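Numbered per the numbering used here, the sequence shown spans residues 829 to 1176.
Built from N, CA and C at the ideal position, the CB exists for glycine as well.
Computed from a predicted structure; not experimentally measured.
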Amino acid sequence: MTTVDMATSSTGAAGTAPLLEVRDLHVEFKVRDDIAKAVNGVSYSVNAGETLAVLGESGSGKSVTAQAIMGILDSPPGRISRGEVLFHGEDILKLPENERRKLRGAKMAMIFQDALSSLNPVLSVGFQLGEMFRAHQGLSRKDAKIKAIELMERVRIPAAKQRVGDYPHQFSGGMRQRIMIAMALALEPDLIIADEPTTALDVTVQAQVMDLLAELQREYNMGLILITHDLGVVADVADKIAVMYAGRIVETAPIGELYKRPAHPYTRGLLDSIPRLDQKGQELYAIKGLPPNLLKIPTGCAFNPRCPKAQDICRTDVPDLLPVTELDGGELVGRGSACHFWKEQLHG
Ligand code: ADP
Ligand code: MG
829 MTTVDMATSS
839 TGAAGTAPLL
849 EVRDLHVEFK
859 VRDDIAKAVN
869 GVSYSVNAGE
879 TLAVLGESGS
889 GKSVTAQAIM
899 GILDSPPGRI
909 SRGEVLFHGE
919 DILKLPENER
929 RKLRGAKMAM
939 IFQDALSSLN
949 PVLSVGFQLG
959 EMFRAHQGLS
969 RKDAKIKAIE
979 LMERVRIPAA
989 KQRVGDYPHQ
999 FSGGMRQRIM
1009 IAMALALEPD
1019 LIIADEPTTA
1029 LDVTVQAQVM
1039 DLLAELQREY
1049 NMGLILITHD
1059 LGVVADVADK
1069 IAVMYAGRIV
1079 ETAPIGELYK
1089 RPAHPYTRGL
1099 LDSIPRLDQK
1109 GQELYAIKGL
1119 PPNLLKIPTG
1129 CAFNPRCPKA
1139 QDICRTDVPD
1149 LLPVTELDGG
1159 ELVGRGSACH
1169 FWKEQLHG
């Protein structure tokens, strides 16, 4: 199988393995007598200090990929049927569950969309933050509380000392999301996966939370995977982007280049459906049709039934994610497209 090796193009110092490298990951779910193919050969990588945005419509396999990396896949019915997840160069899919559990929280942490259902409603946020230090570092209750307050201050919760005993429902949505970030940061993990961390928030609060996350990521030099269905949210903070459709990556690019020159009609459609402040009143373009049925993914390119550019070959041949180049063959680092007609899309 040929894929664009995002790892090679983004490897830091010569010879060092990326922080995280996902290789040809496949995840399927047993649905009654059928199999839903949620993830169908995803490869991506993240280095320390780097932010990868994973973009795609609902149901494209973004979260399931993240769950497979974290080791929290709903299994059964979910099953990793193929692939590797290399963390610091080691395939963690081969580790026993007790070792995976040690990695979670300490070395890799996850931030979810819905803080209210991720935090325990009957325990104070201070207790829940402190628990990280008591459980993993054996701190006393008193010291753990001091650490909890420090963390709340790190994520800029006003009056942290006074609020450390408050319960999750006593905080606003934005503040709760800050507490989730604090929980994820507590043990200073090497990798954070944030799954739609601002989707439930108002637009202005979204930007504040995203800026905070980006700032802390830089400060701690963590790898960050930022999952979103909204390109607008990640534009300012991501280094590179992987666009997912029907469980596959259909385009990869450094973030700025994706905006300027998408190399896949699906990406073009997503860009055209972002509301623009300077085009008020204009009708918003939305991609026609529905996301594919994962029990019966279309033959050829999965996007072909919705693609304005589809030709015969698109209905029969699955396009591999391949490097794209300038017209003269010049290299475009980190860029790839799984479209038979990427040339027309990129240079047309
Ligand atoms: P998204 O890109 O919106 O994060 P997901 O990764 O959550 O999408 O889900 C991709 C697909 O995987 C879903 O559309 C669904 O078909 C399947 N799936 C996810 N979780 C489960 C589950 N717990 N049981 C059965 N199918 C699931
Ligand atoms: Mg999701």
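Item, Value
"Please tell me whether, using a cut-off of 8 Å, the distance from the CB of Leu-1122 to the nearest non-hydrogen atom of ligand 1 is below it.", "yes"
"What's the gap between the Cα of Arg-1143 and the Cα of Asn-1121?", "16 Å"
"Would DSSP call Tyr-995 helix, strand or coil?", "coil"
"Can you tell me whether Arg-1046 is buried or exposed? The criterion is at least 16 other CB atoms within 10 Å of its CB, across all chains shown.", "exposed"
"From the DSSP secondary-structure annotation, give me the bridge partner or partners of Arg-907.", "Glu-856"
"Any heavy atom of ligand 2 closer than 8 Å to the beta-carbon of Ile-1055?", "yes"
"Would you call the CB atoms of Ile-1055 and Glu-1024 closer than 9 Å?", "yes"
"Any chance the segment 874-884 sits against the segment 922-940, with 3 or more Cβ pairs inside 8 Å?", "no"
"Can Ser-945 be considered in contact with ligand 1, in the sense that its beta carbon sits closer than 8 Å to one or more heavy atoms?", "no"
"Report the rounded CA-to-CA distance for Val-913 versus Leu-1118, giving the unit in angstroms.", "30 Å"
"Sorted by chain position, which residues of the same chain lie with C-beta nearer than 7 Å to Glu-856's C-beta, five sequence neighbours on each side aside?", "Ile-863, Ala-864, Lys-865, Ala-866, Arg-907, Ser-909"
"I'd like the span of the beta strand (DSSP E) that includes Asp-1030, first residue to last.", "Taken as a continuous stretch (DSSP letters only), Asp-1030 belongs to no beta strand (DSSP E), as it is neither H nor E."
"Roughly how many angstroms separate the alpha carbons of Ser-873 and Thr-879, rounded to a whole number?", "10 Å"
"Mind checking which residues open and close the beta strand (DSSP E) that includes Glu-1159?", "1159-1165"
"Could you have a look at Ser-838 and say whether DSSP puts it in helix, strand or coil?", "Reliability of the predicted coordinates at Ser-838 is poor, the pLDDT of 45 falling under 50, and the value obtained from them is presented with this limitation in mind. DSSP places Ser-838 in helix when its eight states are reduced to three."
"Comparing the CB of Asp-862 with every heavy atom of ligand 1, is any distance shorter than 8 Å?", "no"
"Taking C-beta to C-beta, are Ala-1014 and Gly-933 nearer than 9 Å?", "yes"
"Can you list, in chain order, the stretches of the alpha helix (DSSP H) that have 4 or more residues and sit fully within the segment 1027-1079?", "1031-1048, 1059-1062"
"So what does DSSP say about Asp-919, is it helix, strand or coil?", "strand"
"Here's the rule: buried if 16 or more other CB atoms are within 10 angstroms of the residue's CB, otherwise exposed. What is Ile-1141?", "exposed"
"For Ile-1020, name the three-state secondary structure that DSSP assigns.", "strand"
"Of all Cβ atoms in chain C, is any one closer than 9 Å to the Cβ of Ala-1042?", "Absent from the structure is chain C; it holds one protein chain and no more."
"Which partner residues does Pro-1151 have in the DSSP bridge list?", "Gly-1164"
"Say yes only if the C-beta of Asp-971 is nearer than 8 Å to one or more non-hydrogen atoms of ligand 2, and no if none qualify.", "no"
"With respect to 8 Å, is the separation between the Cβ of Asp-1023 and the closest non-hydrogen atom of ligand 2 below this value?", "yes"
"For the 8 Å Cβ check, are there 3 or more pairs between the segment 989-1009 and the segment 952-961?", "yes"
"Mark Gly-1162 as exposed unless 16 or more other C-beta atoms lie within 10 angstroms of its C-beta, in which case mark it buried.", "buried"
"Could you tell me whether the Cβ atoms of Leu-1155 and Lys-1171 are closer together than 9 Å?", "yes"
"Could you tell me the alpha carbon to alpha carbon distance between Thr-781 and Val-1031, rounded to whole angstroms?", "No answer is possible for residue 781: the residues shown for the chain start at 829 and end at 1176."
"Would Gly-1158 be called buried (16 or more neighbouring beta carbons within 10 Å of its own) or exposed?", "exposed"
"Who are the Cβ neighbours of Leu-1029 in its own chain at under 6 Å, not counting the five residues just before and after it?", "Gly-1001, Gly-1002"
"Tell me whether Glu-1172 sits in a helix, a strand or coil according to DSSP, three-state version.", "helix"
"Mark Pro-949 as exposed unless 16 or more other C-beta atoms lie within 10 angstroms of its C-beta, in which case mark it buried.", "exposed"
"Can you tell me whether Lys-858 is buried or exposed, with buried defined as 16 or more other CB within 10 angstroms of its CB?", "exposed"
"Classify Arg-969: buried if its beta carbon has 16 or more other beta carbons within 10 angstroms, exposed otherwise.", "exposed"
"Taking only three categories from DSSP, how would you classify Lys-970?", "helix"
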